[in-house]
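J.: Chains as they are written, first to last, in our numbering: chain D, 197 to 565; chain B, 1200 to 1500; chain Z, 18 to 625.
Don't be surprised by glycine CBs; every beta carbon is placed ideally from N, CA and C.
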Amino acid sequence: MAQDIITIFHGPQHPGITGNMSVELDLLGETIKRAETHVGYLHRGFEKMIERRTVLQAFTIVCRICVPEPDPNEENFARGVEELMGLEVPEKAKWLRTMVLEMARLQAQMLWFAGQGGSLGHYISPQWAVADRDLILDLFEELTGGRVYHMYITPGGVRRDLPEGFLGRLGHFLDYLESRLPEYDNMLLRNPVFLERARGVGIIDPATAREYGVVGPNLRACGFMNDIRKDEPYEMYGEVDFIVPTETSGDVYGRAMVRRAEIEQSISILRQIIRRMPAEKEIMAVLPKNHRKWEVPKGDTLVKTESARGEYSYYMVGDGTDKLRRVQVKGPSAVHAITLLEEMLVDSQLSDVAMIMNSLGTNPPEIER
Amino acid sequence: MLFTIFNSLLAVLLTYSMGMLYYGFYRIGNARIHRRVGPPLWQNVIDNIKLFAKREAPGHGIMFHLGPVIMTAGTITSMLFVPFLKDSAWLQGFSSYGNLILLIYLMVVGPLGNALAVGVSGVPFGVMGVTRGLTRLIGLEVPFFLSVALLMSGSGTISISEIMMAQDSFSNWNMMAHPAAFIVSLFSFVGMMGASPFDVVGAPVEVYSGPQAEFGGKYLGFLAAQRVMFSMVKLILWVDLFLGGATNVFILMAKSFALFFFYFIVGAAFPRFKTEQAVDFMLKLPLIIGIGAVLVRFWSL
Amino acid sequence: MVSALAVFFLGTHKIIRELLSIVSLALLTGLLLMRIVSPVSDDFTWQYMPGFFTLSFSLSSFGLLFALIAAISGLLKSFASWGINSKGYHALFHLMMGGLMILLSAGDYISFFLGWEIMTWSSFMLFNNFSSADDPIEKSQDTGFLFITLSLISALLMLGVLFFLYNRTGSMNIADGVAWLHGVKGLPSWIPGLLLMSAFFLKSGLLPFHVWVPGTYREAPHTFTAFLSAALSKVGIYAFILFFLPFSLNEGSGQISYLIAWIGAITATVATFKAIEQNDMKGLLAYSSIGQMAYVFTAMAVGSSLAMGGALFQMVNHSLIKLLLFFIVAGIIERTGKTRFDQLGGLIYKMPFSFIGVLVGIIALAGMPPLSGFYGKWMIYTSLIEKGWLLVLTGIVLPSTAAFIYCYKLIYGIFLGHPTEVNPEEAKEISPRYRVPSGLLMASIVLLGLFPGLILKPVNVLLSDLGMETLALTSQGSLNAASGSVSGFMVMNVFGGVFAVILILLSLFGKKAPTRNLHRLDIAYAGELPTEQTPLHYGRGLGHEVKRVAIAGAIVKRSLTEKYMKIGNQLGGILEHVRGFYPGNGQVSLIMTMVGAAAVALLIGLKG
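#1: Label ALA97(Z) either buried or exposed according to how many other C-beta atoms from any shown protein chain fall within 10 Å of its C-beta, with 16 as the threshold for buried.
#2: Would you tell me roughly how many angstroms separate the C-alpha atoms of TRP308(D) and GLY557(D), rounded to the nearest one?
#3: Decide yes or no for the touch test of the stretch 1268-1278 of chain B against the stretch 1421-1430 of chain B: beta carbon pairs closer than 8 Å, at least 3 of them.
#4: If you measure beta-carbon to beta-carbon, which residues of the stretch 1402-1421 of chain B are closer than 8 Å to chain D?
#5: Contact between the stretch 336-344 of chain Z and the stretch 272-287 of chain Z is defined here as three or more beta-carbon pairs at a separation below 8 Å; is this criterion met?
#6: Looking only at its own chain, which residues have a Cβ that is under 7 Å from the Cβ of MET1391(B), when we skip the five neighbours before and after it?
#7: What are the boundary residues of the beta strand (DSSP E) that THR497(D) is part of?
#8: Report the partner residues of VAL503(Z) according to the DSSP bridge assignment.
#9: Below 6 Å CB to CB, which residues in the same chain sit around ASP496(D) once its five sequence neighbours on both sides are set aside?
#10: Report all residues from its chain with a CB closer than 7 Å to the CB of SER1583(B); omit the five preceding and five following residues, and keep chain order.
#11: Three or more beta-carbon pairs under 8 Å between the stretch 505-521 of chain Z and the stretch 1233-1251 of chain B, yes or no?
#12: Nearest to LEU490(Z) by alpha carbon, out of HIS111(Z), PRO387(Z), ALA499(Z), SER90(Z)?
#13: Would you mind working out which of ASN334(Z), ALA282(Z), HIS335(Z) sits nearest ALA318(Z), comparing C-alpha positions?
#14: Who are VAL525(D)'s beta bridge partners in DSSP?
#15: Please name the residue or residues paired with GLY353(D) in a DSSP beta bridge.
#16: For PRO209(Z), does the three-state DSSP call read helix, strand or coil?
#17: Could you have a look at MET1351(B) and say whether DSSP puts it in helix, strand or coil?
#18: Which runs of the alpha helix (DSSP H), 4 residues or longer, sit entirely within the stretch 352-428 of chain D?
#19: Compile a chain-ordered list of the residues in the stretch 378-407 of chain D whose CB is closer than 9 Å to at least one CB of chain B.
#20: Provide the residue(s) that pair with HIS206(D) in DSSP beta bridges, ordered along the chain.
#21: Along the chain, which unbroken stretches of the alpha helix (DSSP H) at least 4 residues long are found entirely within the stretch 332-397 of chain Z?
#22: Return the CA-CA distance between LEU415(Z) and LEU1336(B), expressed in angstroms with no decimal places.
#23: Leaving out five residues before and five after ASP297(Z) in sequence, what residues of the same chain have Cβ atoms less than 8 Å from its Cβ?
#24: Does SER1387(B) have its Cβ less than 8 Å from a Cβ in chain D?
#25: Does the distance from the CB of LEU223(Z) to the CB of ALA311(Z) come in under 8 Å?
#26: DSSP puts HIS234(D) in a beta bridge; with which residues?
#27: Of all the options GLY80(Z), GLY132(Z), LEU245(Z), which has the alpha carbon lying nearest to the alpha carbon of SER90(Z)?
#28: Looking at chain D, which residues of the stretch 1237-1249 of chain B have a Cβ within less than 9 Å of any of its Cβ atoms?
#29: Within 10 angstroms of its Cβ, does TRP1498(B) collect 16 or more other Cβ (buried), or is it exposed?
#30: Can you pull the chain Z neighbours of GLY207(D), defined as C-beta to C-beta under 9 Å?
#31: Would you mind telling me which residues of chain B sit closer than 8 Å to HIS234(D), beta carbon to beta carbon, in chain order?
#32: Using a Cβ-Cβ cutoff of 8 Å, what residues of the stretch 515-547 of chain D are near chain B? List them in chain order.
#33: Only counting runs of 4 or more residues, tell me where the alpha helix (DSSP H) segments fall wholly within the stretch 395-476 of chain Z, in order along the chain.
#34: Indicate whether the contact test is met: 3 or more Cβ pairs, each with one atom in the stretch 549-564 of chain Z and one in the stretch 422-438 of chain Z, closer than 8 Å.
#35: Mind checking the stretch 525-559 of chain Z against chain B and listing, in chain order, the residues whose C-beta falls within less than 7 Å of any C-beta there?
#36: From GLU549(Z), ALA460(Z), SER215(Z), pick the residue whose C-alpha is nearest to that of LEU167(Z); which is it?
This is the structure we're talking about:
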């Protein structure tokens, strides 16, 4: 047959892909005529694994669902179990959870920044951003014992209290990070080449965004103010002041600016948390008598968290045994990396694929839960 | 004849060791900008030796085999048509038999020969990289030709040696005598050295390393070795044309390192342009400066 | 010479016409070569209606060069098309050769015009009636319409100007007219000059009259396309030299020369970007021909002896390259039945000879050392620098750099990449009747790369005939100019030597680190596995994105052909009403139109 179109794979072994997935591209020249996302390189069957484990066993694996930002999983799982079992979480635990979630958001944004720079061949940004992210991971390690997977937000509260002087060190880190932000701006976000490449590329128009169910920074870059932290406040988000940054352009640059503004908001939220962290010692709810065998009563619940990539929800069903009957995990990437991406890539250029994927903040593991 | 052959070998050795040294610095410097420690200075030599020491190399027939050979031969041939030093019998190669226009064309022979090997390997990424490279070449050659044409018509000769000889004092260096031509040529220089923002050809992210995608083992070893030598040839060419040439190897190294440093800084600071953006950019700002310089030259005459 | 012409006509009616065709062309070539060896004058005049018109024929040294190009091209072409053409084809081809010879040896307007028209009409018949297009009737109509309209315009322009000149000088002799053209300053000489020039540009396919070239080349019989490109496109140059060359030497006509130089540069740019966009082999080569011809005009506009030498070198070289490439392409089309880059691919190891042929062709076409294409380019560039036309230089560097893309596309689309419609197991090397002339051409291209002096010596003779300084020739293998020199012999040797040394080195490594040849699908593919069905051949896509570059996009998106066709259609609408006057037969009405137009032109000429 005559071949005016060629088929290539972008991923799975490709520096321009955001993890364990691939995009099959049909190209005429370098213009994409059809894109098809392939996932399944990392399928581990988390939902089934959770159904076969007791609640406490399951708690240890939920964070593995999403590598760059595991904490919303823990938060969702813990909150769902608490709602089903009727556990009352102490206030300090809620503050600590909020802090951990914001720290997680901060490090996830740094990781996005690394990817965004790397996808354009700007190798300073990955190095700087990952190095600075490591400082957050150091703090995580001190607080939870784990760098990437923390297993900190347990059903009923949090696993550990703050170490001595932790808030002071967190404050120092925030000052340091804030002083670095102008350098990040000058380096990438105000770089003329970045502006040339990112403006007007990968545009999501508002109607498409609504139709496809786009969430998070991607939606906010289209001009919608939409944030679970504001719309349905959980933990202590109702208590802290922050704004939800939006942009109207809907392109790669708009999404970058939204994420950049969110870094500042996270810093501000963390500062408020440092100021208002209660001194009490209570960090755990009154737990069921039999610690080894929690029985989840009959009932179902839907819990949502705003992750760095958008709305992250768990639908959980209890059936009166020590195992959950059904858990459905719905991360934002399923929409962003499959339906939306396949649509967006048509008629764009091969050179822009990695940049667009990174700007969407896609993360394949959470598609294959 | 024996002297010429000895000189040619010397030139190859000199550019190889210079290149490995400079690119060692490049990696350390980049690491420092990245806030890393970086590899040792001789890491590139280690990498090169490792590639040659591989037990086997994947191939795709005889044309694939010849590609890296043509590439390296093209590089070394171009090298031999660049005079390294002025007022010296050493390191002249065959430059008396050629000139600048010949050299500009010779510099394309290698990459095109390699493009045949890329094509025969059947990697679509490689061919895309080659196409990008050839498209980018439009953007690089046009301003470059304009700037060297200014030099050539200014000094009334197309011979590199004579252009170099004419720059006897600092104020007569072509970067001083023809500042506009020098500035225009620097844009092309950054592109020809393959630095960001003009490095979309072999970009690992945008096109899966492009032309190099299918080469491994000894082939990649040859390609890596010729790459550093080719960079040195370009540096020396710019030293000859604009920085007044050099009377001995140490001055040559000092001057070429200054240029290399410029390339390194620009390359570290920018992300990549897409191919068409790169060409459009080159055909805008540098070309306008160049055309302006030509107009000024011929109106003032 | 005339005897040679007679042989054509006889030969066409015999059964063994192929043999006769070749023999007659060989005879012609031989005769022309004899002219070089023994420069006897065989000028003759023929009194037609004594006292009124005199047809005079004489072959100048320039005419001889062009005649030689044409004769050798024709000879090789006849060899390549052995046994595939019908009787009418031969008759027409030889008629055209005859017309060409008349044109080249014409000494007066009548014979010049006569030769011009015989050549034009017979070539029109050739490509129209013996088209190689898939659906000849459907496809050829537009092309034929364009060709014939533009040819008519060109003929009318020429006729008008020639009558004007006759009226002014009272002599039918071309030399007198040329003298008049150069003698008169100002507007009166400009207007006829420009009109005449347009007619010649049209023949060589310069902007904005290039529109007939691609379609014609695409649809002409494959080997005839080679001849079209190699010989017929040069006629415009011959006529240009005949009428205008002293123009560019003339001090007063600097602006016109500069204009012509830019027309050449712009034509080359447009043609090159269009060529990159083409998806079929002959279309690509057609646009490439336009571009290469444009360089020749730019060089002639410069007017120095170096530039003129460059122009002639480039022209001869272009004939060799295009014959070679068109022959091989014709051979490939004959073997595979495919014409487009998205239908071919992966044939390198099955057609090694064709691959090497195309490789030699594109290296020379791209103007890369160490093959012959480089020297033409080198002389043109150097002359532009010496002249100080740096912006024009930039204008032709752009297309000659962009030409790398279509050169690579040509070789990649056919030989590299992956097989598509042609199963490489079944593919065979092109037939020997293409291989023999291609081999000769390849040898001559390589030889000229080693010894450019082989062409430069005759070029020097021509230059001195023109009254220009000759080029300095120190040895066969080198080229000299005031501002520098280049030794082709040395370049070739150095490159060859280095190549050999590295090949030996690689082979030494090869003992310790052998190459493991992989299956064609065993490639870097981002971790996935392509299958036999996966489309991987980039022949169509290659160069597709060049139009995203602003300047290329502006060129590729606009189509002059469409605009002309639009004007043509509107005119056609008007002419529908007029059509009632003519008896149904289209050809009769065409001829009548032409006669009428000629009469009008005659009137204008006599009045003016």
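T.: This is what the structure holds:
#1: It counts as buried.
#2: One C-alpha to the other measures close to 7 Å.
#3: Yes, they touch.
#4: Residues ALA1402, PRO1403, VAL1404, GLU1405, VAL1406, TYR1407.
#5: No contact exists between the stretch 336-344 of chain Z and the stretch 272-287 of chain Z.
#6: Only LEU1339, LYS1433 meet the Cβ criterion.
#7: Its beta strand (DSSP E) spans residues 495-503.
#8: According to DSSP, which records beta bridges pairwise, VAL503(Z) is partnered with LEU496(Z).
#9: If we look at ASP496(D) and ignore the five residues flanking it on each side, its Cβ neighbours are VAL513.
#10: This structure gives no information on residue 1583(B), because the portion of chain B shown stretches from 1200 to 1500.
#11: Result no; under three Cβ-Cβ pairs closer than 8 Å.
#12: The shortest Cα separation from LEU490(Z) among HIS111(Z), PRO387(Z), ALA499(Z), SER90(Z) belongs to ALA499(Z).
#13: When C-alpha distances from ALA318(Z) are compared across ASN334(Z), ALA282(Z), HIS335(Z), the shortest belongs to ALA282(Z).
#14: The partner list for VAL525(D) (beta bridge, DSSP) reads TYR510(D).
#15: Its beta-bridge partners are THR350(D), MET480(D).
#16: In the three-state reduction of the DSSP assignment, PRO209(Z) falls in the helix class.
#17: Shown here, MET1351(B) sits in a helix according to DSSP, grouped into three states.
#18: Within the stretch 352-428 of chain D, the complete alpha helix (DSSP H) runs of at least 4 residues are 362-380, 388-394, 402-408, 412-416, 424-427.
#19: Taken in chain order, the members of the stretch 378-407 of chain D whose beta-carbon sits within less than 9 Å of a beta-carbon on chain B are MET383, LEU384, ASN387, PRO388, VAL389, PHE390, GLU392, ARG393.
#20: According to DSSP, which records beta bridges pairwise, HIS206(D) is partnered with VAL219(D).
#21: Counting only runs of 4 or more, we get 369-382.
#22: Rounded to whole angstroms, LEU415(Z) to LEU1336(B) spans 9 Å at the Cα level.
#23: Scanning its chain for C-beta atoms nearer than 8 Å, with the 5 sequence neighbours on each side dropped, one finds around ASP297(Z) the residues ARG235, THR356, ARG357, PHE358, in chain order.
#24: Not an interface residue.
#25: Closer than 8 Å, so yes.
#26: Paired residues: SER218(D).
#27: The alpha carbon of SER90(Z) has as its nearest neighbour, out of GLY80(Z), GLY132(Z), LEU245(Z), the alpha carbon of LEU245(Z).
#28: Those would be none; no residue qualifies.
#29: So TRP1498(B) counts as exposed.
#30: The answer, in chain order, is ALA543, GLY544, GLU545.
#31: Under the 8 Å cutoff, chain B gives no residues; its nearest Cβ is about 16 Å from HIS234(D).
#32: Those would be GLN545, LEU546, SER547, in chain order.
#33: Within the stretch 395-476 of chain Z, the complete alpha helix (DSSP H) runs of at least 4 residues are 407-432, 449-467.
#34: The answer is yes - the stretch 422-438 of chain Z touches the stretch 549-564 of chain Z, with three or more Cβ pairs under 8 Å.
#35: Residues of the stretch 525-559 of chain Z with a C-beta less than 7 Å from any C-beta of chain B: PHE526, ALA530, PRO531, THR532, ARG533, ASN534, LEU535, ARG537, ILE540, ALA541, ALA543, LEU553, TYR555, LEU559, listed in chain order.
#36: Taking each of GLU549(Z), ALA460(Z), SER215(Z) in turn and checking the Cα distance to LEU167(Z), the smallest one comes out for SER215(Z).
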